[in-house]
Amino acid sequence: MSTLVVVGVQWGDEGKGKVVDLLAREADVIVRFQGGNNAGHTLVVGGQKTIVRLIPSGVLHDGKVCVIGNGVVVNPEVLVEEIDALQQRGRLSDPESLKISEIAHLITPYHKAIDLARERLRGEGKIGTTGRGIGPTYEDKMARVGIRFVDLLDEDVFAQKLERNLEEKNIYLGTLLQEQPLAYQDIFDHYRRLRDRLAPYVTNTSRYIHDALGAGQKVLFEGAQGTMLDVDHGTYPFVTSSNTVAGAVCTGAGIAPQQLRNVIGISKAYTTRVGSGPFPTEEHGADGEKLRRDGGEFGTVTGRPRRCGWFDAVVVRTAARLSGLNAMALTKIDVLSGLSTLRVCTGYRYRGQEYDEVPAGAHILEQVTPIYEELPGWTEPLTAMRSLDALPRNARQYVERLEELVNVPVKMISVGAGREETILIRPTFF
Ligand code: IMP
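Quick note, our numbering runs 32 ahead of the 1-based positions in the sequence shown.
See the structure below:
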């Protein structure tokens, strides 16, 4: 049984795409199990940038099968665009190389309209969602009114569900959200065309993964977002609407817990967050600006500038426990070059109490005082370095200290965006 789960352990954007892309070389099957096109990975291969939102990052390798599991919410229009773009680059020419779960839920135009309108009305109190309709689609799934691929494949079932839902959503949109109603026929016709494009890929992916594992294949599960955006364990309510911890693989891909083995957590060497919500180690001064500039910290999906700050061991320690990490990949350490002193948050203080893990209430997290430790920085650029020994002593010391604080070994360090700009401390993960 050879499985590997990759999860983000901060607020998303940890550089999972690159790590998954690297690990995918060893895998046969790569699976997305939660989230939707709120995720976005920029992959740089051979100097060429490719952004994937729904299709697993492993798509750039030949001979792999990419799976969109049942836990993912799928905007079929975005998926078709992505397939087209990848096919133009000579990828996904074999229809067998992509599989979409027949029970994955569909994002529709009303989900997107509701997401955007609600955020507009929330004003200052907005969550800062990606506006892709993710939350409203998961809501409908839980409310048991969602539309799944299996429904889309049957025209009558789809028509019936769409009509019933739209009737209700249009009342909600028109009265409470002050939006224009959406036209049934437009959505129906559009989705029928999209169905024709996607139908060949739709299948029972849970069974497919089970059989692949049975045949001795290696399966890589690619998480989206990060632990602090988990709808249960994250900084609620400033979270996404799915579970992002490793445990979500079981429900989101339809496999049993005994089939999971290794879990690798991806963390930046500092911290970023997009959207609203508490961020104890946020750095508003010149150092934060440097991280944003040198780290190119602007959202892949929305282009929004990311909030930047110091490494928060409280966040990563909490995430390590929740997902049972056996290894970590530390990304973007090259961005820290040039900072004379590095701060690392080892705990929080709030009303006389110390916290070694993230407290539950967003109102508490908003007010905690981070306990910082300072480490000496380095000036050398790290991007050309390919081994731990080549790193400046202070950079090695920084990595070692993070390992100690989080109690998980760092097995991979990323020193640049390119696939080859990586230090593999232990090359094999399966
Ligand atoms: P939603 O997932 O669009 O509903 O957005 C909810 C929150 O999750 C917002 O703060 C988003 O900025 C954040 N979020 C969603 N997807 C990502 C991601 O891939 N990276 C970073 N933040 C994300």
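Beta carbons are placed, not taken as given, at the ideal position from N, Cα and C, and that holds for glycine.
The closest heavy atom of ligand 1 lies 7 angstroms or more from the beta carbon of Ile298.
A residue is called buried once 16 or more other Cβ atoms fall within 10 Å of its Cβ, and Ile100 is buried on that count. The continuous beta strand (DSSP E) containing Ser299 extends over residues Asn294 to Lys300.
By the beta-carbon neighbour count (other beta carbons within 10 angstroms, threshold 16), His265 is buried. In this structure, the straight-line span from the alpha carbon of Leu124 to that of Gly163 is close to 28 angstroms.
With a cutoff of 8 angstroms on beta-carbon distance, Thr259 and Thr276 are scored as near each other.
Of all C-beta pairs linking the region 69-80 to the region 443-452, three or more are shorter than 8 angstroms, placing the two stretches in contact.
Within the same chain, and ignoring the five residues on either side of Ile403 in sequence, the residues whose Cβ sits closer than 7 angstroms to its Cβ are Cys377, Thr378, Gly379, Tyr380 and Arg381.
Boundaries of the alpha helix (DSSP H) around Ser238: Thr237 to Gly246. Pairwise C-beta distances place the region 44-58 in contact with the region 245-262, as three or more of them are shorter than 8 angstroms. Taking each of Pro108, Glu114 and Val104 in turn and checking the Cα distance to Thr82, the smallest one comes out for Glu114. Contact between Lys443 and Arg458 holds: their C-beta atoms lie close to 5 angstroms from each other, under 8 angstroms.
By the Cβ-count criterion, Ala215 is exposed, with fewer than 16 other Cβ atoms from all chains shown falling within 10 Å of its own Cβ. At a threshold of 7 angstroms, Arg164 counts as near ligand 1, since its beta carbon sits closer than that to one of the ligand's heavy atoms. Using a 10 angstroms sphere on the CB of Ser419, the tally of other CB atoms stays under 16, which defines it as exposed. Gln385 sits in a strand when the DSSP states are folded into three classes. When the beta-carbon positions are compared, Leu407 and Leu374 come within less than 8 angstroms of each other. Of the candidates Asn70, Gln210, Ile179 and Ser34, Ser34 places its Cα closest to the Cα of Ile62. In this structure, Gly44 has its beta carbon less than 7 angstroms from a heavy atom of ligand 1. The way I'd put it, the region 349-359 does touch the region 277-289; three or more beta-carbon pairs between them come closer than 8 angstroms. Leaving aside the five residues that flank Pro310 on each side, the residues in its chain whose CB is nearer than 6 angstroms to its CB run, in chain order, Thr267, Ala394, Leu397 and Glu398. In the structure shown, Met260 falls within a helical segment according to DSSP collapsed to helix, strand and coil. Taking 8 angstroms as the cut-off, the beta carbon of Glu315 is found closer than this to the beta carbon of Trp342. Uninterrupted alpha helix (DSSP H) stretches at least 4 residues long and entirely within the region 312-349 occur at 318-327, given in chain order. For Lys158, there is no enclosing alpha helix (DSSP H), as DSSP gives it neither H nor E. Taking Arg227 as the centre and dropping the five residues before and after it, the same chain places the C-beta of Leu184 closer than 6 angstroms to its C-beta, in chain order.
Within the same chain, and ignoring the five residues on either side of Gln212 in sequence, the residues whose Cβ sits closer than 8 angstroms to its Cβ are Leu205 and Gly206. For Phe181, the enclosing alpha helix (DSSP H) covers residues Phe181 to Leu184. Non-local beta-carbon contacts of Asn294 in its own chain, meaning distances under 8 angstroms to residues more than five positions away in sequence, involve Thr35, Leu36, Val37, Asn358, Ala359, Phe461 and Phe462 in chain order.
Under the DSSP assignment, Tyr142 falls in the alpha helix (DSSP H) whose first and last residues are Pro141 to Arg154. Looking at the DSSP output, Ser34 shares a beta bridge with Lys250. The residues Arg85, Leu86, Asn107, Val110 and Arg164, in chain order, have a CB closer than 6 angstroms to that of Asn69 in the same chain once the five nearest residues on each side in sequence are set aside.
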